[in-house]
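Q: The structure follows.
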Amino acid sequence: MEKPVRVRIAPSPTGPLHIGTARTALFNYLFAKKFGGHFILRIEDTDLERSDKKYEKDIFDGLAWLGIDADESPEKGGKYGPYRQSERIGTYKKYLGKLLADGAAFYCLHSEQELSAEKETLMAEKKPLAHWCEFRDVPLADAETKLGQSHVIRFKTPHNQKIVFKDIIRGELSFDSELIGDFSIAKDIDVPLYNFAVVIDDAEMKISHVIRGEEHISNTPKQLLLMVALGFEKPGYAHLPLILGTDRSKLSKRRGATSVIDYKNEGYLPEALFNFMALLGWNPGDEREILSKEELKNEFSLEKIQKSGAIFDITKLDWMNGEYIRKKSTEDLVALCLPYLEKIIAPELLHATSYKLQTIIALEQPRLKKLSEIGERVEYFFKQPEYDKELLRWKKMSDTDISASLEKSEKIITQFKSTITKTEIEKEFLKEIGDGDKGIILWPLRVALTGKKASPSPFEILEIMERDVALERIAIAKKKIVA
RNA sequence: GCCCCUGUCGUCUAGUGGUUAGGACGCAUGGUUCUCAUCCAUGCAACCGGAGUUCGAUUCUCCGCAGGGGCGCCA
1051 MEKPVRVRIA PSPTGPLHIG TARTALFNYL FAKKFGGHFI LRIEDTDLER SDKKYEKDIF
1111 DGLAWLGIDA DESPEKGGKY GPYRQSERIG TYKKYLGKLL ADGAAFYCLH SEQELSAEKE
1171 TLMAEKKPLA HWCEFRDVPL ADAETKLGQS HVIRFKTPHN QKIVFKDIIR GELSFDSELI
1231 GDFSIAKDID VPLYNFAVVI DDAEMKISHV IRGEEHISNT PKQLLLMVAL GFEKPGYAHL
1291 PLILGTDRSK LSKRRGATSV IDYKNEGYLP EALFNFMALL GWNPGDEREI LSKEELKNEF
1351 SLEKIQKSGA IFDITKLDWM NGEYIRKKST EDLVALCLPY LEKIIAPELL HATSYKLQTI
1411 IALEQPRLKK LSEIGERVEY FFKQPEYDKE LLRWKKMSDT DISASLEKSE KIITQFKSTI
1471 TKTEIEKEFL KEIGDGDKGI ILWPLRVALT GKKASPSPFE ILEIMERDVA LERIAIAKKK
1531 IVA
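What follows is the structure in structure tokens.
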């Protein structure tokens, strides 16, 4: 009988949702969905100093934005109470008391100075940094009389023991208890530390598979030791390779955005980031790159996860985001772009032409990589662009040629009927241009309208732009040439 | 200092005891376009090194080297 699949993501609210945490959450989520299990969100806020509610909110919001929904969470609750470690202190205290009473854990009365002095000695002697504590065999009752002084609760690690476990991604991993020493499990009876709290929570919440970052590999033997002492059943383990920055070290702020919220603000679509992160260290086994959430849920497998770390390559994300932007319906894209447009374009201008917004945005859809680019790209529709006179020059045209070219365009446009499609516009112009170099007419016209060296075609622009506005811009361009 | 993990194009990766080592991003070139993007076509570019096993290793073993992670009264 297989145990029901229950996995968790256990972030600590000490900063905004990190891209690495999001990816770990994603893999846990995908694994749970694949096997019809539960994905749990547990907030690890035992460190009250560093934890902050605002980051907790950022984590909730970020995961919700990505569409990584927890089946049980601090908000949704569940059978095992609120999934916030700060609200489970009583539980930890109970187990801590048991360990202490059994003599499996003890009070260490060393000061921090003593400990760091010991560390230096160990380092100098080229020995492993393991603290085998002199207080490990002091009877509990004796130790308890001295709790006024600085102390910490440690686990009494057995000597010379091999700790072996099977990692689903890396195979069998083996550690020597001699190199671990008596590690700390709580600052005090009421203040549990990470390694201890995780073990209790994972056991109580019946976590079947622990899928977490590679940085936790060396914590695993400690946690295993605790499980044995407490008589807990061991979960399966899968340690994910790290996401690296462009310099191959841990993804850091210096090298670009590290939090999910930054990507959201930059105008990346959640489905693009979801897809991209899934492919960072995993692949479907064939050559597909664009995979929907449903496909990912159905096809995910821990076995196909890469062992080595992956660099977060923003260029590929940009490409993928562009792919997803092109898939959007115009209505959806307009809604998505609106906040970015409002940043650049005054609301009265933006909404005066709102009936054309869809057409304007559809025009830029194939060019967009990030939503944040939209404002700058379509600004010229809303106000007279600034540009240098020289931009109007196509190849070796003289000023006189440019003026003549603009006048010709002016003449053509003046004859337009009030509503006209881009196909009709194109036909009108082509009729006038004949077989010659189209750039002679079209380049100066396009620059006059947009002020840009790259943009959609003048036909598409003219279809949207008011005729009077277009004529005015041509007039302005002509003045530039004369001046 | 000690322990652990990892090593295929610049990047994400597929793959094999014998393959022209495949795909995607990127880049370059060409086609389409007044321009840009889209689209299409073509091209560029990799098995960390050295031994060993083998008829034959990118693939298996060992030793190096390189990169990464950990060794908290953080998680």
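For the first sequence, the working numbering gives the first residue as 1051, with consecutive numbering after it.
Even glycine gets a Cβ: it sits at the ideal position worked out from N, Cα and C.
Ends of the alpha helix (DSSP H) at residue 1425?
A: Counting along the chain, the alpha helix (DSSP H) containing residue 1425 begins and ends at 1424 to 1428.
Q: Could you pull out every residue in the same chain whose Cβ sits closer than 7 Å to the Cβ of residue 1017, ignoring the five residues on either side in sequence?
A: A query on residue 1017 cannot be resolved here, the shown segment of the chain reaching from 1051 to 1533 and no further.
Q: Comparing C-alpha positions only, which one of 1452, 1391 and 1366 sits nearest to residue 1430?
A: With distances taken between Cα atoms, residue 1430 lies closest to 1391.
Q: In this structure, how does DSSP classify residue 1184 when only helix, strand and coil are distinguished?
A: Note: residue 1184 maps to coil in three-state DSSP.
Q: Hey, how far is the Cα of residue 1331 from the Cα of residue 1053?
A: Distance between the alpha carbons of residue 1331 and residue 1053 is about 26 Å.
Q: Do you know whose CA, among 1285, 1407, 1072 and 1435, lies nearest residue 1385's CA?
A: Considering only alpha carbons, the answer is 1407.
Q: Just confirm the distance between the C-beta atoms of residue 1090 and residue 1134, as a whole number of angstroms; I'd bet it's less than 8 Å.
A: The pair is not a contact, with the Cβ atoms about 12 Å apart (cut-off 8 Å).
Q: Tell whether a beta-carbon distance below 8 Å holds between residue 1500 and residue 1435.
A: Their beta carbons are under 8 Å apart, which means residue 1500 touches residue 1435 by this criterion.
Q: Just verifying my parser: in three-state terms, what is the DSSP assignment at residue 1318?
A: Here residue 1318 sits in coil by DSSP.
Q: With a Cβ-Cβ cutoff of 8 Å, do residue 1188 and residue 1234 count as a contact?
A: No, the Cβ-Cβ distance between residue 1188 and residue 1234 is not below 8 Å.
Q: Quick one, which of 1527, 1318 and 1482 has its alpha-carbon nearest residue 1371's?
A: That would be 1318, whose Cα lies nearest to the Cα of residue 1371.
Q: Does residue 1340 pass the burial test, meaning 16 or more other C-beta atoms within 10 Å, or should it be called exposed?
A: Answer is exposed; the Cβ neighbour count stays below 16.
Q: Classify residue 1243 as buried or exposed, calling it buried when 16 or more other Cβ atoms lie within 10 Å of its own Cβ.
A: So residue 1243 counts as buried.
Q: Who pairs with residue 1287 in a beta bridge, going by DSSP?
A: According to DSSP, residue 1287 bridges with 1217 and 1260.
Q: Please go through the same chain and pick out, in chain order, the residues whose beta-carbon is closer than 8 Å to the beta-carbon of residue 1307, but skip the five residues on each side of it.
A: 1069, 1313 and 1316, listed in sequence order.
Q: Work out the CA separation of residue 1400 and residue 1520 for me, nearest whole Å.
A: Going from the Cα of residue 1520 to the Cα of residue 1400 covers about 18 Å.
Q: List in chain order: all unbroken beta strand (DSSP E) runs of 3+ residues lying wholly within the segment 1382 to 1426.
A: Whole beta strand (DSSP E) segments, 3+ residues: zero.
Q: So who's on the other strand from residue 1266, going by DSSP bridges?
A: Note: residue 1266 sits in no beta bridge, so no partner.
Q: In this structure, does DSSP put residue 1360 in helix, strand or coil?
A: In this structure, residue 1360 counts as strand in the three-state DSSP scheme.
Q: Which whole runs of the alpha helix (DSSP H) in the segment 1055 to 1113 are 4 residues long or more, in chain order?
A: Listed in chain order, they are 1069 to 1084.
Q: Whose CA, out of 1475, 1178, 1283 and 1206, lies closest to the CA of residue 1461?
A: Checked all of 1475, 1178, 1283 and 1206; the closest Cα to residue 1461 is 1475.
Q: Could you give the DSSP three-state label for residue 1157: helix, strand or coil?
A: Strand.
Q: Residue range of the beta strand (DSSP E) that residue 1238 falls in?
A: Per DSSP, residue 1238 belongs to the beta strand (DSSP E) from 1234 to 1238.
Q: Output the distance between the C-alpha atoms of residue 1556 and residue 1425, rounded to the nearest integer angstrom.
A: Absent from the model: residue 1556. The displayed extent of the chain is 1051 to 1533, so no value can be given.
Q: Since residue 1205 sits in a beta bridge, which residues does DSSP pair it with?
A: Looking at the DSSP assignment, residue 1205 forms a beta bridge with 1155.
Q: Helix, strand or coil: how does DSSP classify residue 1226 here?
A: Residue 1226 falls in the strand class under three-state DSSP.
Q: Taking residue 1453 as part of the alpha helix (DSSP H), name the residues at either end of that continuous run.
A: Run containing residue 1453: 1449 to 1464, per the alpha helix (DSSP H) assignment.
Q: Name the DSSP beta bridge partners of residue 1241, please?
A: Paired residues: 1238.
Q: Among residues of its own chain, excluding the 5 on either side of residue 1333, which ones have a beta-carbon nearer than 7 Å to its beta-carbon?
A: Same-chain partners within the cutoff: 1354.
Q: Work out the CA separation of residue 1055 and residue 1086 for me, nearest whole Å.
A: When rounded, the distance between both Cα atoms is 7 Å.
Q: Tell me which residues share the same chain as residue 1375 and place their Cβ nearer than 6 Å to its Cβ, disregarding the 5 neighbours each side in the sequence.
A: If we look at residue 1375 and ignore the five residues flanking it on each side, its Cβ neighbours are 1418.
Q: Would you tell me roughly how many angstroms separate the C-alpha atoms of residue 1364 and residue 1212, rounded to the nearest one?
A: Distance between the alpha carbons of residue 1364 and residue 1212 is about 42 Å.
Q: Could you tell me whether the segment 1112 to 1132 touches the segment 1072 to 1083, where touching means 3 or more Cβ pairs closer than 8 Å?
A: A contact exists between the segment 1112 to 1132 and the segment 1072 to 1083.
Q: List the endpoints of the continuous alpha helix (DSSP H) containing residue 1524.
A: From DSSP, the alpha helix (DSSP H) with residue 1524 extends over 1517 to 1532.
Q: Restricting to Cα atoms, I'd like to know which of 1149, 1061, 1526 and 1468 is closest to residue 1280.
A: Of the candidates 1149, 1061, 1526 and 1468, the one whose C-alpha sits nearest the C-alpha of residue 1280 is 1149.
Q: Does the Cβ-Cβ distance between residue 1225 and residue 1271 come in under 8 Å?
A: Cβ distance < 8 Å, so residue 1225 and residue 1271 count as in contact.
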